[in-house]
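Undergrad: Residue numbers for the sequence shown follow numbering that gives the first Met the number 0, so the first one is 0 and each next one is one higher. Beta carbons: idealized from backbone N, C-alpha and C, even for Gly.
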Amino acid sequence: MVVGESGLGKSTLVNSLFLTDLYPERHIPSAQEKISQTVKIDASTVEIEERGVKLRLTVVDTPGFGDSLNSVDCFKPIIQYVDDQFERYLNDESGLNRRHIIDNRVHCCFYFINPSGHGMRPLDIAFMRALHHKVNIVPVIAKADTLTKQEVVNLKKKIMDQIDEYGISIYPLPECDSDEDEDYREQCRLLKEAVPFAVVGCNTIIEVKGKKVRGRMYPWGVVEVENPEHCDFIKLRTMLITHMQDLQEVTQEVHYENFRAERLAVGGSSGVRKARIDSDDREQQLQQKEAELRRMQEMLTKMQAEMDAQKVQQQNGGVRSHNV
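1. When the cut-off is 7 angstroms and only beta carbons count, does serine 10 lie next to chain C?
2. Would you kindly check if the distance between the Cβ of glycine 209 and the Cβ of valine 222 is under 7 angstroms?
3. Return the chain-ordered list of same chain residues with a C-beta closer than 7 angstroms to the C-beta of arginine 262, the five sequence neighbours on each side being excluded.
4. Roughly how many angstroms separate the alpha carbons of lysine 301 and glutamine 309, rounded to a whole number?
5. Considering only C-alpha positions, which residue in the set Met159, Thr147, Lys133, Pro121 is nearest to histidine 139?
6. Which first and last residues belong to the beta strand (DSSP E) in which phenylalanine 111 is found?
7. Using the Cα positions of proline 62 and isoleucine 78, report the straight-line distance between them to the nearest angstrom.
8. Is it the case that the region 99-118 contacts the region 139-158, given that we only count it when at least three CB pairs across the two stretches are under 8 angstroms?
9. Taking 7 angstroms as the limit between beta carbons, can you name the residues of its chain near aspartate 245, skipping five residues before and five after?
10. On the CB-based measure, 16 or more other CB atoms within 10 Å of its CB, does glycine 270 come out buried or exposed?
11. Take phenylalanine 232 as the anchor and find which of Arg55, Arg188, Phe17, Val253 has the nearest alpha-carbon.
12. For the putative contact between threonine 250 and histidine 106, defined by C-beta atoms under 8 angstroms, what is the C-beta separation to the nearest angstrom?
13. Under the criterion of a Cβ to heavy atom distance below 6 angstroms, does lysine 157 qualify as lining the ligand COA?
14. What's the C-alpha gap between alanine 30 and aspartate 178?
15. Please name the residue, chosen from Asn153, Ile240, Ser43, Arg184, that lies closest to proline 195 on a Cα-to-Cα basis.
16. What does DSSP give as the partner residue(s) for methionine 306 in the beta ladder?
17. Please give the ranges of any beta strand (DSSP E) in the region 74-160, keeping only runs that are unbroken, at least 3 residues long and fully inside the region.
18. Let's test the definition: count the other Cβ atoms within 10 Å of the Cβ of aspartate 353 and tell me whether it reaches 16, buried, or not, exposed.
19. Return the first residue and the last residue of the beta strand (DSSP E) that valine 13 is part of.
20. Leaving out five residues on either side along the sequence, give the residues of the same chain with a beta carbon under 7 angstroms from the beta carbon of cysteine 175.
21. For the putative contact between aspartate 60 and lysine 9, defined by C-beta atoms under 8 angstroms, what is the C-beta separation to the nearest angstrom?
22. Is it the case that the Cβ atoms of asparagine 14 and asparagine 226 are separated by a distance below 7 angstroms?
23. Using CA coordinates, which residue listed in Leu95, Thr147, Val198, Val224 is at the minimum distance from valine 207?
24. Comparing C-alpha positions only, which one of Leu130, Leu122, His117, His131 sits nearest to leucine 146?
25. Excluding the 5 residues preceding and the 5 following isoleucine 136 in the sequence, name in chain order all residues of the same chain whose CB lies nearer than 7 angstroms to its CB.
26. Given this structure, state the Cα-to-Cα distance separating tyrosine 165 from isoleucine 124, to the nearest angstrom.
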C-alpha cells in the first residue's frame, strides 16, 4: 500500500520499483475536483519476476489522501480497507476451503512524507498512530532530489525523533543471525541506517557518459535513481525484496493475530449472549408446547367423556322398562 498526499511521486516510485506501468489510464484531478474529492482505494495487481521467482503483487493506492481542506477523517477509508482484508481472510480461514485462501491482506505500507516540511505534519502522525498496529509502516521521504545531502540527514533525524516521541511503531527490520555472512550483515546495517528511505522515482532513460540510466536531468547535473550516492531507491527495493517473507510473517503473527483476537473476543461475548437468548427461547417454546399438549389432553378427555355419556344415554334410551 502507498499512502501520501498528491504530488509526492507515489505512482512514479511504484512504477520505478517494479519496472511496470500500473496506472496507464489514470485521471489527474484538477484543483476544482480536489476540493470535493474523497479518499479512494485503488488496487492494481501485477505479476513480477525477481531472481527467477514469480510474484503476484497487489499495489493499493489511496488517491485523495490529505488533499481536502478538512483531513480529519481522511484515513478512515484506509483503516476500513485494511480491516476488510483481515475480515475476509478470517472468514476464508474459518471456511471449508482453507488450503486455497487468496491472501489480500496489506503486508506493507509505504508512507510518503513531504520533503518540504520540517518533519512530519500532524496528519502524518495521526495516520501512523491509527495504522501502526494494523500494518507494517515503512516511512519514505518523497522527492529527495529537492534536498541537499545535509538536509536529508537532518530530516531523517527529525522524523525518527518524532516517531520515538509519539510512540509510533514502524516496520522493524529483523536482526541478523550470528551465522550470517559479513556481506549480508553489512547490508542489513545499511538498510536500518537508511530509514526513513529518501527516494527519487523516475522512469525516464537518459544517457550519462555513454551509459543509459534512469534519472532526471537538471541544469546542474543528473540524478540517477539507482545510484546509492544520490538516493535510497536501491535500498528501499532491496529491503522490500529481501524482507518480503518477513513482512508477511509479521502481518500474520502480529497484526492479523491481534485483529483475530479482538474479533473472537467480541464474537465470544456476543456468542454467550446469543446462546443465553437461544436457551430462553427454547425454554419458552417448550413451555408453550407443554401447555398446548395439556390443552389437547383436556380436549381429548372431554370428548371421551361426552362420547361415553352419549353411549350410556343411547343404551338407556333403547331399553324399555315394564312395571309389574
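TA: The answer reads as follows:
1. The structure shown has no chain C; it contains just one protein chain.
2. No Cβ-Cβ contact shorter than 7 angstroms links valine 222 with glycine 209.
3. For arginine 262, same chain residues with a beta-carbon under 7 angstroms away, outside a window of 5 residues either side, are Leu89 in chain order.
4. Rounded to whole angstroms, lysine 301 to glutamine 309 spans 12 angstroms at the Cα level.
5. Histidine is not the amino acid found at residue 139; the sequence shown has valine there. Selected option, being the one with the closest Cα: Met159.
6. Counting along the chain, the unbroken beta strand (DSSP E) around phenylalanine 111 starts and ends at 108-112.
7. CA-CA distance, proline 62 to isoleucine 78, rounds to 15 angstroms.
8. With the rule of 3 Cβ pairs closer than 8 angstroms, the region 139-158 counts as touching the region 99-118.
9. If the five residues before and after aspartate 245 are omitted, its C-beta is found closer than 7 angstroms to the C-beta atoms of Pro173, all from its own chain and listed in chain order.
10. For glycine 270, the pLDDT reaches just 45, beneath the cut-off of 50, and the residue's location in the model is therefore unreliable, although a value from the coordinates is still provided. By the neighbour-count rule (16 or more Cβ atoms within 10 Å), glycine 270 is not buried but exposed.
11. The residue with the shortest Cα to Cα distance from phenylalanine 232 is Phe17.
12. At roughly 5 angstroms, the Cβ-Cβ gap stays under 8 angstroms, so threonine 250 and histidine 106 are in contact.
13. In the structure on display, the ligand COA does not appear, and there are no ligands present to speak of.
14. Summary for alanine 30: the model assigns pLDDT 49, below 50, so the residue's position carries little reliability; its value from the coordinates is reported in the next sentence. The straight-line gap from Cα to Cα measures roughly 55 angstroms.
15. Distance check between proline 195 and each of Asn153, Ile240, Ser43, Arg184 places Asn153 closest, using alpha-carbon atoms only.
16. None, per the DSSP bridge assignment.
17. Those beta strand (DSSP E) runs which fall completely within the region 74-160 and span 3+ residues are 108-112, 136-140.
18. It is not possible to answer for residue 353, since the shown part of the chain is limited to 0 through 323.
19. Careful: valine 13 lies outside any beta strand (DSSP E), inside the alpha helix (DSSP H) at 9-17.
20. Excluding sequence positions up to five before and after cysteine 175, its CB lies within less than 7 angstroms of the CB of Tyr183, Arg184, Cys187, all in the same chain and listed in chain order.
21. Confirmed, about 7 angstroms.
22. Asparagine 226 is positioned such that its CB atom lies no closer than 7 angstroms to that of asparagine 14.
23. Nearest of Leu95, Thr147, Val198, Val224 to valine 207, Cα basis: Val224.
24. Closest by alpha carbon: His117.
25. Take isoleucine 136, set aside five residues on each side of it, and the residues of its chain with a beta-carbon closer than 7 angstroms to its own are Cys108, Tyr110, Met127, Leu130, Ile169, Tyr170, in chain order.
26. Whole-angstrom Cα-Cα distance: 8 angstroms.
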